[in-house]
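Just so you know, the protein sequences line up as chains Z and G, in that order.
With the working numbering, the residue at position 92 of the first sequence is 92, and numbering never jumps.
With the working numbering, the residue at position 242 of the second sequence is 1242, and numbering never jumps.
We put the CB at the ideal spot given by N, CA and C, even for glycine.
Because the structure is a prediction, the values reported are computed rather than measured.
Only one structure is covered here, and it is reproduced in the block below.
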Amino acid sequence: MKTFKIGGVHPQENKLSASEPIRQAPLPQVAVFPLGQHIGAPAKPIVSKGDVVKVGQPIAEAGGYVSAPIHSSVSGTVLKIDTVIDASGYAKPAVFIQVEGDEWEESIDRSKQLVRLEEHPELTDKDIIAKIQNAGIVGLGGACFPTHVKLSPPPGNKIEWVIINAVECEPYLTADHRLMLEHTDEILVGTTLIMKAVGVTQGFIAIENNKPDAIRLMTEHARAYTGIEVVPLKVKYPQGGEKQLIDAVVGRQVPAPPALPASVGAIIQNVGTAYAVYQAVMKNKPLFERVVTVTGKSLAHPSNLMTRIGTPMNLLIDECGGLPEDTGKIIGGGPMMGKALVNTEVPVCKGSSGILIMTGTDAQRAKPGPCIRCGKCVTACPMGLEPYLLADGAAREMWDLLEHNDITSCIECGSCQFTCPAHRPLLDYVRIGKSTVTGIIKSRS
Amino acid sequence: MDTIILAICVLGGAGLVLASVLYVVSRRFAVQEDPRLDTVNDLLPGANCGGCGFPGCSAMAAACVKAADKGSLEGLSCPVGGKAVMDQVAAALGLEAAAEDTTRIAVVRCNGSCENRPHVRIYDGAPTCRIAHATSMGATACAYGCLGCGDCVAKCQFGALTLNTETGLPEVDPGSCTACGACAKACPRNLIEIRSVTNELTGMVVKCRNKDKGILAKNECDVSCIGCRLCMKQCESNAITVEDNLAYIDAAACTLCGKCEQACPRKSIHKIGEWSTPQEAPVEENTTQETLTTKNNTQ
């Protein structure tokens, strides 16, 4: 079975909510839309206090080319444009909307009827990309890179394949898994749309083999679509990383930054993004809701919730049985790459794939010991870097050394820290080093 | 025997030829170095702290000599040596003393001790402020306050900063501080300000950098500035400005009347030196650094 070649680890999977069908999350009383939900320039609000908005109505326009508009996920009145404490604890600008009823924009097709690409032969690649751009779609795997930018690779790159990332290599998370089981055909149509947008005839849907039901269902349904192949992959973290996935599926290696995956002929899109693309292009439905996995060993009902963007996370936790008493840490995202939340009132953003509640003992970090140069982190690093050296260099602020050792290639997957027998906070240091070195490189040009 | 003589002749001859080439080259291409450079370099403290804005003392010496050619040492000052050293440098370069006698020290603008600002969560990441600041807001509710991991203490070359284990905050020993600014650069939250102080090493300062709105700031810390402007109204010398819900006292305009301190409902305005424990023991130690710090002379 295929997988990527260098490094990788296999954390406990803990997919507690894999058999829970997607439920609709309750509507909040006040929905909060941070303006910087994506990579690139923050969106600019186009509503003001007192405006009445409907579900699906744009409330902020893109702040540049690498940016995305934001649409209201609720109907109601704009309360204010103010700052909100985001997941990291710092105040960021946001639009607050008081929810009144649930009135949708008329242009959104709410029927469940499947619309295939063949029914709309008039759609051109430019139409599809424009619709994606206007729907505010960003990469739903967590990086939140605006999708229309990714689908318009710089000239000179010949795109050969579209790879749909349905790996979901993060432990605990099951949002993509459930989406594949419940919206199989929509995802396949979304894939054909992405293929059409970049002008390729070959698409892969990469799924790790810990989701045999999804592989089976997808393979069966994919027969009705030309050019789409389901690729089962061996379970290994971080297979969901773009570069790892390209290596695993087509066996090509992406050169060091600033090279893009497009330079080896592949475009990667998350399976949630493919679903959102289908909704946007075929149903005129902008991106304003997504599946969020709410999970944790001590949580009463781990679930997958179809959640409107802007819903405060505590509402979702309450929906799943409330915050357990022995909670030690609440993580936005998965346990490997997610970030600990500073409070539970943080709103769900486009990139929120999960909320993980860890028990007190699980959440505690072990006391770090000295590095014994055992090299386990080097073996585990999927980018072939030397994390112990990079972490040490970052602690000593030796930025030249870090640059020469390709710290900018780090994908921040955390495999090094996971595998370290001395429990050293390697990733913490490497992240600081990476951001500093990136800043230094940028300041040169 | 012949071989040995031959070897000596060849090597000796080659040596002679090369030596004469080297001699000629060193004479012909000798770089004329300003003798004043060495003189000034010897006068500077040799701490290489970079507080003057140059990479080290020799770069500062070069800058001084260059400035002397233009006739004035204006804008150049050695924070470690202070006025005394700059006067000597000026004398050596045949100039009038130009450096103004401004004494500056590092001031930590946060008073969020464990008591004033209780911990509301656990931070168990790498124990450096840089990482704590980048990954989350730290262990307390304030996103602007001291993180208490001591990056500034680690950066201080002069032993002027200590981390008080009781309060969890760094403390500046005004006697040892040379205002080189290394700590200010190390703080990811820009809490350390290199501030002008009086000869008695004091001044009024708002010990808070919280820019949140009043009610938020109030809930986050017991001694946070809420931007209420009471101090501004009390101030007779217009030294206080309030921007982004935060008061700032201009050291140059402040007359040290202390009315703002009394007016502050949050107790966030303090006189420098009055919040920390009196520094008595280190005085003896400091006298050994007399060449480095002239501030002790003024005490």
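S303 (chain Z) and A1247 (chain G) have their C-alpha atoms spaced approximately 48 Å apart. Burial check for A222 (chain Z): the Cβ neighbour count within 10 Å reaches 16 or more, so the residue is buried. In this structure G332 (chain Z) touches A87 (chain Z) by the C-beta definition: roughly 5 Å separates them, less than 8 Å. Beyond the five residues adjoining it in sequence on each side, D1222 (chain G) comes within less than 6 Å, by CB distance, of N1116 in the same chain, given in chain order.
Residue-level contact by beta carbon fails for P312 (chain Z) and chain G, as no gap is shorter than 7 Å. By alpha-carbon distance to Q202 (chain Z), the top candidate from Z:T192, Z:K211 and Z:D176 is Z:T192. Taking 7 Å as the cut-off, the beta carbon of D247 (chain Z) is found closer than this to the beta carbon of F4 (chain Z).
Ranked by Cα distance from D1034 (chain G), the first of G:S1026, G:L1043, G:A1062 and G:P1045 is G:A1062.
When DSSP reads this structure, W399 (chain Z) sits in no beta bridge, so it has no partner.
In the structure shown, the three-state DSSP call for H71 (chain Z) is strand. In terms of Cα proximity to A1126 (chain G), the closest of Z:Y237, Z:A366 and Z:V235 is Z:A366. Bounds of the beta strand (DSSP E) holding T1241 (chain G) are I1240 to E1243. When 9 Å is used as the limit between beta carbons, Q364 (chain Z) is near these residues of chain G: I1122 and D1124, in chain order. Counting every other CB atom within 10 Å of its CB across the protein chains shown gives G296 (chain Z) a total of 16 or more, marking it as buried. G414 (chain Z) is positioned such that its CB atom lies no closer than 7 Å to that of L402 (chain Z). G1145 (chain G) is positioned such that its CB atom lies no closer than 7 Å to that of G1168 (chain G). When secondary structure is reduced to three states using DSSP, N304 (chain Z) falls in the strand class. Secondary structure note for V1206 (chain G): its beta strand (DSSP E) is the uninterrupted segment M1204 to V1206.
Judged by DSSP in its simplified three-state form, A1007 (chain G) adopts helix. At a cut-off of 7 Å between beta-carbon atoms, A1143 (chain G) makes contact with chain Z. Residue state for L188 (chain Z) is assigned as helix, using DSSP reduced to three classes. The DSSP assignment places complete beta strand (DSSP E) segments of no fewer than 3 residues inside the segment 274–298 of chain Z at 289–295, in order along the chain.
Residue environment: C1009 (chain G) is assigned as exposed (fewer than 16 neighbouring CB atoms within 10 Å of its CB, all protein chains considered). With a minimum length of 4 residues, the unbroken runs of alpha helix (DSSP H) contained wholly in the segment 79–155 of chain Z fall at 125–134 and 147–150.
A1106 (chain G) is a Cβ neighbour of C1177 (chain G), given a cutoff of 7 Å.
Between the C-alpha atoms of K2 (chain Z) and V249 (chain Z) there is a straight-line separation of about 7 Å. Non-local C-beta neighbours of M180 (chain Z) in its own chain, meaning closer than 8 Å and more than five positions away in sequence, comprise A166, I187, I207, K211, A214, L217, M218 and V271, ordered along the chain. Of the candidates Z:Q24, Z:I39 and Z:I267, Z:I267 places its Cα closest to the Cα of Q244 (chain Z). Taking C-beta separations shorter than 8 Å and ignoring five residues to either side along the sequence, the partners of V99 (chain Z) in its chain run L27, P28, Q29, V30, A31, V74, S75 and G76, following chain order. In this chain, T1255 (chain G) is not harboured by any beta strand (DSSP E), its DSSP state being neither H nor E. Among the residues facing chain G, G393 (chain Z) is not included, as its CB has no counterpart in that chain under 7 Å away. For R1195 (chain G), the pairing in a beta bridge is given by DSSP as G:I1105. Looking at the DSSP output, F1054 (chain G) sits in no beta bridge, so it has no partner there.
Ranked by how close their Cα comes to the Cα of P286 (chain Z), the residues Z:E386, Z:Q57, Z:V115 and Z:A135 have Z:A135 in first place.
With a threshold of 7 Å between beta carbons, P387 (chain Z) makes no contact with chain G.
Less than 7 Å divides the Cβ of I97 (chain Z) from the Cβ of V78 (chain Z).
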